[in-house]
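Residue numbers (the numbering used here), protein chains in the order written: chain A, 1 to 104; chain B, 105 to 284. Ideal Cβ positions, reconstructed from N, Cα and C, are used throughout, including at glycine. Taking it in order: structure first as structure tokens, then the write-up.
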Amino acid sequence: MDGTTTDVGDILEADRPRRLAYTFKHLLREELRAEPATRVVFVLEPHGDLVKLTLTHEGFVEGSKLLDGISKGWPAILSSLKSLLESGEPLVIPPAALDIEAID
Amino acid sequence: MKIYRTVRVDMNIDQFKPTLVYAIYIKTTPEKAWHALTTGEVSAKYFFGNSVEVDERVGGAYVLRTPDGELHISGEVIECERPRKLTVTFNVNWPALIEKLGPTLVSYEIEPAGDAVKLTLTESHDRPLSDDILSGGRQGWPAIMSSLKSLLETGEPLVIAMAPPQRMLDSLRALGIAAP
């Protein structure tokens, strides 16, 4: 929360309000920094008066250490986004509850 | 009332491989999440109208009924640790389905996470199945879990109109399974 850049990327596709794709390169943690950039895709589809949001994050190397944190982080982020959009309040999820190996 | 029979399938849980894992954080308590997963009047609101009945003990029956009372899913409780873990066999009651596809295992895991809970749904099978067959769960479970979260957080479920994926129905029919 101190303004440190944790991840960077380039926009690959931006088709508002349907599709957003970008590269994702982690910068913060030494042991994860060597892994190559991965790819994030958000797809938004109307479903009646709802929206189906599908997130795909792909391109991890075999045995990726980043994948553990990514797999545990996204469900918390997307869950909080849903709460925020539906109720006006995000979720407060303690980082320790995510059980991410790279976060000590 | 329909008479149903729970078929006990000889199975080794370790043979089952996850085909879908869906984790969602919900602002609720583990007890309320458990209640929602195991109570018919609640499940009818978020599970496409289906009412759940669970005999909460290992070997007990697990059943889902459609709004008109028809048996939709029949299974058996494999693990039951209120309010942390419920594992059941989850077999769609379509003729020949279990003979052709084998049993389905569904597990709900509830973990506290601050003032929320992390609910993890896992669907597993004991043999490889095609993406066409698995498309039903991949389409349905996110809708069910999303509606459950809305219900527990706002008091209102989502209204999601959804038919089974055509590719799944076609694939089931090709296997000789009489999908409705």
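Ranked by how close their Cα comes to the Cα of Gly241/B, the residues Pro187/B, Ala267/B, Lys204/B and Ile214/B have Ala267/B in first place.
A Cβ of chain A is located within less than 8 Å of the beta carbon of Glu257/B. Pairing Ile117/B with Thr5/A, the inter-Cα distance amounts to about 44 Å. Of the residues Glu185/B, Val263/B, Ala165/B and Ser251/B, the one whose Cα lies closest to the Cα of Ile177/B is Ala165/B.
Per the DSSP secondary-structure output, Leu223/B pairs in a beta bridge with Ile128/B and Ile214/B. Comparing C-alpha distances from Ala278/B to each of Ile264/B, Asp236/B and His229/B shows the shortest one belongs to Asp236/B. Listed in chain order, the beta strand (DSSP E) elements of length 3 or more contained wholly in the segment 147 to 172 of chain B are 155 to 158 and 165 to 169. Counting C-beta atoms within 10 angstroms of its own C-beta, Lys253/B has 16 or more neighbours from the protein chains shown and is therefore classed as buried.
Contact annotation: Thr208/B and Thr191/B have beta-carbon atoms that are not nearer than 8 Å.
Of all residues in the segment 131 to 162 of chain B, only Lys131 place a beta-carbon less than 7 Å from a beta-carbon of chain A. Neighbours of Val263/B in chain A, taken as residues whose beta carbon is under 9 Å from its own, are Gly48, Asp49 and Leu50 in chain order.
In this structure Ala265/B touches Gly48/A by the C-beta definition: roughly 6 Å separates them, less than 8 Å.
Excluding five sequence positions before and after Glu86/A, none of the CB atoms of its chain fall closer than 8 Å to its own CB. Below 8 Å, too few C-beta pairs join the segment 218 to 227 of chain B and the segment 145 to 163 of chain B to call them touching: fewer than three. Nearest CB-CB separation between Ala220/B and chain A: below the 8 Å threshold. In this structure, DSSP gives Pro46/A an extended state, which the three-state scheme calls strand. Residue pairing by DSSP places Ala21/A opposite Glu13/A and Val41/A in a beta bridge. Within the same chain, Lys72 come within 8 Å of Asp99/A by CB-CB distance, once the 5 residues on both sides are set aside.
Under DSSP, Asn195/B forms a beta bridge with Ser178/B. A straight line joining the alpha-carbon of Glu101/A with that of Leu67/A spans about 10 Å. For Pro75/A, the chain B residues whose Cβ falls inside 9 Å of its Cβ are Tyr126, Ala127, Ile128, Tyr129, Lys222 and Thr224, in order along the chain. For the options Ala217/B, Lys136/B and Leu262/B, the alpha carbon positioned closest to that of Ala127/B is the one of Ala217/B. Ser234/B counts as exposed, since fewer than 16 other C-beta atoms from the protein chains shown sit within 10 angstroms of its C-beta.
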